[in-house]
Amino acid sequence: MSEKIGREAIERENGYLYYLGKDGYVWQSPMKSNSRGKKKRIGNEKIEREDGFLYFIDKKGYVARTKMNRKGRK
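If you count by this note's numbering, then the sequence shown holds residues 9 to 82, one letter each, in order.
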């Protein structure tokens, strides 16, 4: 089960990969099939990361997180 963290919805475009960067902002980067695209920062909301969580963009376009399953490792 994941929990929604972000308040800003991201509108997705075909041919791009969306992820939460180390700086806390959402980034848009072109997939291999999209040769004309450029990497750029999307949105203005900065997310503070916590250890032990996996951060991703959910189906509705919000930043969400879920606890990592590490199979007994810390």
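Backbone N, C-alpha and C fix where the C-beta goes; we use that ideal spot for every residue, glycine too.
Residue(s) in a DSSP beta bridge with residue i
i: Tyr5; result: A question about residue 5 goes unanswered here, because the residues of the chain that appear run from 9 up to 82.
i: Ile65; result: Val71
i: Glu11; result: Arg73
i: Arg49; result: Trp35
Same chain, Cβ closer than 7 angstroms to residue i, five either side skipped, listed in chain order
i: Gly51; result: Glu16, Ile18, Tyr33 and Val34
i: Val71; result: Ile13, Gly14, Leu28, Val34, Ile55, Tyr63 and Ile65
i: Arg49; result: Tyr33 and Trp35
i: Gly45; result: Gly23, Tyr24 and Pro38
Other residues of its chain near residue i: CB distance less than 8 angstroms, five sequence neighbours each side excluded
i: Tyr27; result: Val34, Trp35, Ser37, Phe64 and Ile65
i: Glu11; result: Ala72, Arg73 and Thr74
Beta-carbon spacing of residue i, residue j below 8 angstroms
i: Arg20; j: Gly80; result: no
i: Arg73; j: Ile13; result: yes
i: Gly60; j: Asn42; result: no
i: Met5; j: Leu25; result: Within the shown structure, residues of the chain are numbered from 9 to 82, placing residue 5 beyond reach of any answer.
Cut-off 6 angstroms between Cβ atoms - residues of its own chain near residue i, not counting five sequence neighbours on either side
i: Glu53; result: Gly14 and Glu16
i: Lys47; result: Ser37
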